[in-house]
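A.B. asks: Chains as they are written, first to last, in our numbering: chain A, 79 to 453; chain B, 79 to 453. No residue lacks a Cβ here, since even glycine has one placed at the ideal position from N, Cα and C. A single structure is presented below for examination.
And the structure:
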């Protein structure tokens, strides 16, 4: 067995209903699924969270964004500095997206053609271009363990546009596969198709046919309802090959993770933990806490009595509220650490429930106890 | 020997010229001198540096500001939450200033009378008042190990004003001593007198006569030249009792630390390490590095090859420069950790040189190698 074959094998170690506990091997260690991947958009966690703190919070797979890193500092600098792992000092597995989602969601003045996308840089206004080939070239220079096919993420409710974008995404995925040179990176194809069952089915079959070592589900959490997302997940779970890890891109509320795992998803990523922390909100296993609420002014309790994170082991809600009031960066740092820990602890609990084959009960119980909105 | 006497004893363990290596006992452990105290103005280090990171950087004594904490969140809340150590989770010795310096340097519309100072809160525009008695009451609620007499810091070059402010400071120091109730806090008196030898001498004798367990040197690093500061230090060092720790307030460049220790100073504090980090500047043992400099764009070296801090053990100048360019909070966090470590390592090196009775050589060598300005 070659090294390449040793890497990127997906072992399903336990299952409970559609939920799976797996292990995906990479050059920087195993991705133990189900997993939540924190996002270091610009090769750094937001909120001043260091790699040591991220490791202590229980992170395993970490994501960075090709679009942002291409614009600044540029993939050539990252490569010159030894690649993304060395540059940002993350020792575990890493994943880069293709830049596709950001080009379609963030970039101004974008123009799509069959060959790729032209867009304006947010940094200096210059025109930039990404194609399947250049996205792969950039991702090969960045050097993550898992890289993504360049895709077009359409509006979820426009069948005509979704179909055209999906078909382009399939052609682009094949071009990505052909452009790929490095053997120590796994390319994942991306299923698109909006909320439309006919498109999702076609996309699942087209992407599965590429036989990439993992498959991502794109175009969700982009404006559709939770019910629509779950319906799509139920459908794609039926069609996708069982023996590949499934990555639901950009999804990350506690409820979404549990609902996704229930429907066979193995990998998630989201900026939510650090974004909420910037907005003074803490995630718990039962809902959100908004630290601006005057209730917490003199509350000596930690964010979550059950939580084992550094923040909850030391600091009161009253102190964290003070930090936000006083505009101290430490508030965002400590709540980021807590929020990351919470999602990472949640996926570990999910894995344990899968191993014990009681995931349906775990999920029902979790979802029944979880309160929407913040307290 | 009562507990009170066991605490706040100052043992001089070694001396080299005027420089001393000492140990000052407090309820939260010994302050091992010479020491640099990082400043957590609002009961938090700037830059998102956690207490765990601060401890890892080698900190021992940590300072917080009475003026800021009185305004927000208020000393009553801090007391209700168990005091400053518990609130901000610093396990080692702590020091609070009296609020005097901030009232005179920061507050708008201040009005001094014999009894105290009235000033406008920066938070809500309300009028606030600090007196020697209320400053002590606030500091007793905050609960640091070392508390400071309420003083008036005058402009350094106005003899008439300096004399009046100094005399008031002496009367206020006595009132602070009389107002003080807690036995587990050491009150330090503060020597004032601007750059005037007659005033400094008078102030040294007046403050020494109060027999406080430590004595601070105030009114320096407020606009006078380095030569003037060193001249004042030479003079007060001659007069102050040898058996009390001497605290040079608000001073903290590497050169100032070495020059102060040469002149018998034991304790320093300064916001410089975290403030410089916010401005993208790193401290080293030989000068400053400005990470905005394009030289560092692709520099794989750590900030300081000799440094043992977390930042230097992991990250390149190129990465840190990228973080600042990308406006990632992690840049300020990592450079803060490095700058704090650098000053803490410097005072440890000073102590070793004192113990080996070669401090004059160490200081001469350090000052000769240190380059002003940033590179």
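#1: Kindly indicate if chain B contains any beta-carbon less than 8 Å away from that of residue 408(A).
#2: Apart from the five residues just before and just after residue 432(B), which ones in its own chain have a Cβ nearer than 8 Å to its Cβ?
#3: Within a Cβ cutoff of 6 Å, which residues of the same chain sit near residue 90(A), ignoring the five residues on either side of it in sequence?
#4: Indicate whether the contact test is met: 3 or more Cβ pairs, each with one atom in the region 139-153 of chain B and one in the region 163-177 of chain B, closer than 8 Å.
#5: Could you give the distance in angstroms between the alpha-carbon of residue 151(A) and the alpha-carbon of residue 376(B)?
#6: Please list the segments of the beta strand (DSSP E) lying wholly inside the region 115-188 of chain B, counting only runs of 3 or more residues, in order along the chain.
#7: Among the candidates 209(A), 310(A), 202(A) and 115(A), whose CA atom is the shortest distance from the CA of residue 346(A)?
#8: State buried or exposed for residue 287(B), treating a residue as buried only when at least 16 other CB atoms are found within 10 Å of its CB.
#9: Measure the CB-CB distance between residue 166(A) and residue 222(A) and report whether it falls below 8 Å.
#10: Just to confirm my understanding: we take residue 446(A), look at its own chain, exclude 5 residues before and 5 after, and list those with CB closer than 8 Å. What are they?
#11: Using Cβ-Cβ distances below 7 Å, what residues of the region 139-160 of chain B are close to chain A?
#12: Tell me whether the beta-carbon of residue 235(B) lies closer than 8 Å to the beta-carbon of residue 272(B).
#13: So for residue 385(B), helix, strand or coil by DSSP?
#14: With a cut-off of 8 Å, does the C-beta of residue 365(A) fall near any C-beta of chain B?
#15: What alpha helix (DSSP H) runs, 4 residues minimum, are completely inside the region 249-305 of chain B?
#16: Taking any Cβ of chain B, which residues in the region 390-403 of chain A have a Cβ under 7 Å from it, in chain order?
#17: At which residues does the beta strand (DSSP E) containing residue 196(B) begin and terminate?
#18: Starting from the beta carbon of residue 123(A), find every residue of chain B whose beta carbon is closer than 8 Å, and list them in chain order.
#19: Below 8 Å between beta carbons: does that hold for residue 78(A) and residue 263(A)?
#20: Answer with buried or exposed for residue 123(B), where buried requires no fewer than 16 other C-beta atoms within 10 angstroms of its C-beta.
#21: Within this structure, are the beta carbons of residue 292(A) and residue 224(A) separated by less than 8 Å?
#22: Thinking C-alpha only, which one of 256(A), 428(A) and 194(A) is nearest residue 290(A)?
#23: Who are the Cβ neighbours of residue 451(B) in its own chain at under 6 Å, not counting the five residues just before and after it?
#24: Within a Cβ cutoff of 8 Å, which residues of the same chain sit near residue 133(A), ignoring the five residues on either side of it in sequence?
#25: Do you know how far the Cα of residue 398(B) is from the Cα of residue 159(A)?
#26: Residues of the region 358-382 of chain B with a CB closer than 8 Å to any CB of chain A: list them in chain order, please.
#27: Can you tell me where the alpha helix (DSSP H) with residue 229(A) in it begins and where it stops?
#28: Please report the distance separating the alpha-carbon of residue 332(B) from that of residue 207(A).
#29: Name the residue from 296(A), 335(A) and 274(A) whose alpha carbon lies nearest to the alpha carbon of residue 437(A).
#30: Who are the near neighbours of residue 411(B) in its chain, counting only those whose CB is closer than 7 Å to its CB and skipping five residues on each side?
#31: For residue 397(A), report the span of its alpha helix (DSSP H) as first-last.
#32: Quick one: give me the first and last residue of the beta strand (DSSP E) that residue 208(B) is part of.
#33: Using the C-alpha atoms, what's the distance from residue 216(A) back to residue 454(A)?
#34: Could you list which residues in chain B have their beta carbon closer than 7 Å to that of residue 166(A), in chain order?
#35: Give the DSSP bridge partners of residue 448(B), in chain order.
#36: Going by Cα to Cα distance, which pick from 266(A), 329(A), 244(A) and 243(A) is closest to residue 254(A)?
C.D. replies: Straight from the coordinates:
#1: yes
#2: 92, 93, 94, 97, 98, 99, 112 and 339
#3: In chain order, 98 and 100 place their CB closer than 6 Å to the CB of residue 90(A), counting only its own chain and leaving out the 5 sequence neighbours on each side.
#4: Using a Cβ-Cβ distance cut-off of 8 Å, the region 139-153 of chain B and the region 163-177 of chain B are in contact, since at least three pairs of beta carbons, one from each stretch, lie closer than that value.
#5: In a straight line, the C-alpha of residue 151(A) is about 10 Å away from that of residue 376(B).
#6: 140-142 and 172-174
#7: 115(A)
#8: exposed
#9: no
#10: none
#11: 150, 151, 155, 158 and 159
#12: yes
#13: coil
#14: no
#15: 275-287
#16: Per Cβ criterion, the list reads 392, 393, 394, 396, 397, 400, 401 and 403.
#17: 195-198
#18: Simply 408.
#19: Residue numbering for chain A in the displayed model covers 79 to 453; residue 78(A) lies beyond these limits and cannot be assessed.
#20: Buried is the call here.
#21: yes
#22: Among 256(A), 428(A) and 194(A), the Cα nearest to that of residue 290(A) belongs to 256(A).
#23: none
#24: Only 169 and 170 meet the Cβ criterion.
#25: Taking the straight line from one Cα to the other gives about 12 Å.
#26: 375, 376 and 378
#27: For residue 229(A), there is no enclosing alpha helix (DSSP H), since its DSSP letter is neither H nor E.
#28: 48 Å
#29: 335(A)
#30: 125, 126 and 127
#31: 395-403
#32: 205-208
#33: The requested residue 454(A) does not occur in the structure, where chain A is confined to residues 79 to 453.
#34: 397
#35: Note: residue 448(B) sits in no beta bridge, so no partner.
#36: 266(A)
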